[in-house]
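**Student:** Take a look at this one; I'll ask things after.
Residue numbers (this note's numbering): 5 to 128.
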C-alpha cells in the first residue's frame, strides 16, 4: 500500500531547495544596489553520496552528472558577471516555479533566516 509518509524526507528536501531559491532572490533584491550578486542554480541530477541509503537511487545515479562537472557549471555562473537575481537550470537562465517567485514568501524566508543567524551569533 502506498504511504505518503514514506516520501516525507523528499518533501523536506524539496522545501529546502525552494527556500534556497527564495533566499537567493530576496538577498539579491535587498543587496543588488551594493553590487552583491545572488543567484540560484539547479544543476540537474548529480551523482553524490545523498543516494547512499537507497540501492535503487545509487544504481540510477550512474546516469547522473558528475559532481565536478556540476560544480564547474556553478563556478562558471558565478564568474559570468550576470547581474544576479536569476534562476538557472543546467546552466540556462529560466523562470523558477511559481512558488519560488512568491516575493512575500521570499521576504518571510529571508527574515526568518536573518533572525536565526542573529540568535546564533548572539550566543557566541
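For each residue, glycine too, the CB sits at the ideal point set by N, CA and C.
Nothing here was measured: the structure is a model prediction, and the numbers come from that model.
Out of 30, 35, 119, state which residue places its alpha-carbon closest to the alpha-carbon of residue 104.
**Tutor:** 30
**Student:** With DSSP as the reference, label residue 5 as helix, strand or coil.
**Tutor:** With a pLDDT of 44 at residue 5, under the threshold of 50, the predicted position of this residue should be treated as unreliable, though the coordinate-derived value follows. Of the three classes helix, strand and coil, the one that applies to residue 5 here is coil, per DSSP.
**Student:** With H, G and I counted as helix, E and B as strand and the rest as coil, what does DSSP make of residue 50?
**Tutor:** In the three-state DSSP reduction, residue 50 falls in the strand class (E or B).
**Student:** When burial is assigned at 16 or more other CB atoms within 10 Å of the CB, is residue 17 buried or exposed?
**Tutor:** exposed
**Student:** Could you pull the start and end residues of the alpha helix (DSSP H) that residue 108 belongs to?
**Tutor:** In the DSSP assignment, residue 108 falls within the unbroken alpha helix (DSSP H) covering 107 to 126.
**Student:** Can you grab the Cα-Cα spacing for the pair residue 5 / residue 37, in whole Å?
**Tutor:** With a pLDDT of only 44 at residue 5, under 50, the local geometry of the prediction cannot be trusted, and no value is derived from it.
**Student:** In chain order, what residues of the same chain lie with their CB nearer than 8 Å to the CB of residue 51, ignoring the 5 residues before and after it?
**Tutor:** 65, 66, 68, 69, 70, 71
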